[in-house]
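Residue numbers (the numbering used here): 964 to 1112.
Worksheet for the structure shown next.
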Amino acid sequence: PMGDEGGGRSYTVDDALLALGFGNFQILVLFYAGIGWISEAMEMMLLSFVGPAVQSAWNLSSHQESFITSVVFAGMLIGAYSWGIVSDQHGRRKGFLITATVTATAGFLSAFSPNYISLILLRSLVGLGLGGGPVLSSWFLEFVPAPNR
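Spelled out as structure tokens, the structure:
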């Protein structure tokens, strides 16, 4: 095993995390992950405001207004599966950064949507990005000792 050459003890990742405990680094990672969780929550909360505002501004039917929310959840369904595969193959951090970029970019651009179709497309991309939320949780928990999980 590694580490035996010098007579030292070998550690698993979990052993090393347990020995280090929950310290400043974990607090920093929690803060970083917390920003992601807050952003996700804000995108979800926006749904209750965007629909009615856009419905009156663009004279949408109730079905069209509901579809704005539905495409976000459909995107999340696809994203939850897809981002899990991406993060398994390329790493949790990279997976999280990509999902955050997709969510932020599509969310920002959706604020400037000139019409219903572009809003639907952009909000579905927001949902796709939000589907990566579990990747963020997995990434955070990789740095936390087992007793603190």
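Beta carbons: idealized from backbone N, C-alpha and C, even for Gly.
Values in this document were obtained by computation on a predicted structure and should not be read as measured data.
Residue i, DSSP secondary structure in three states
i     : result
E1003 : helix
T1066 : helix
T975  : coil
G991  : Per the sequence shown, residue 991 should be read as Leu rather than Gly. Helix, per DSSP.
L1091 : helix
G984  : coil
V1098 : helix
From the options, residue whose alpha carbon lies closest to that of residue i
i     : options                       : result
H1053 : L1009, V1098 and L1084        : V1098
L1010 : R1112, G1094, L1104 and R1086 : R1086
G1095 : T975, R972, S1045 and T1032   : S1045
T1062 : G1090, G986, A1074 and S1033  : G1090
G1070 : N1078, L1088 and R1055        : L1088
Expected contact under 8 Å - CB spacing of residue i and residue j to nearest Å
i     : j     : result
G1014 : E1028 : 5 Å
I1083 : F1030 : 7 Å
G1042 : L1093 : 6 Å
V1049 : G1058 : 5 Å
Cβ neighbours of residue i in the same chain (closer than 7 Å, five flanking residues each side left out)
i     : result
S1100 : none
T1032 : L1010 and G1014
Neighbourhood of residue i by C-beta distance below 6 Å, restricted to the same chain and skipping five residues each side
i     : result
P1110 : none
Counting only runs of 4+ residues fully inside the segment 1019-1078, write out the alpha helix (DSSP H) ranges in chain order. 1025-1053 and 1055-1073
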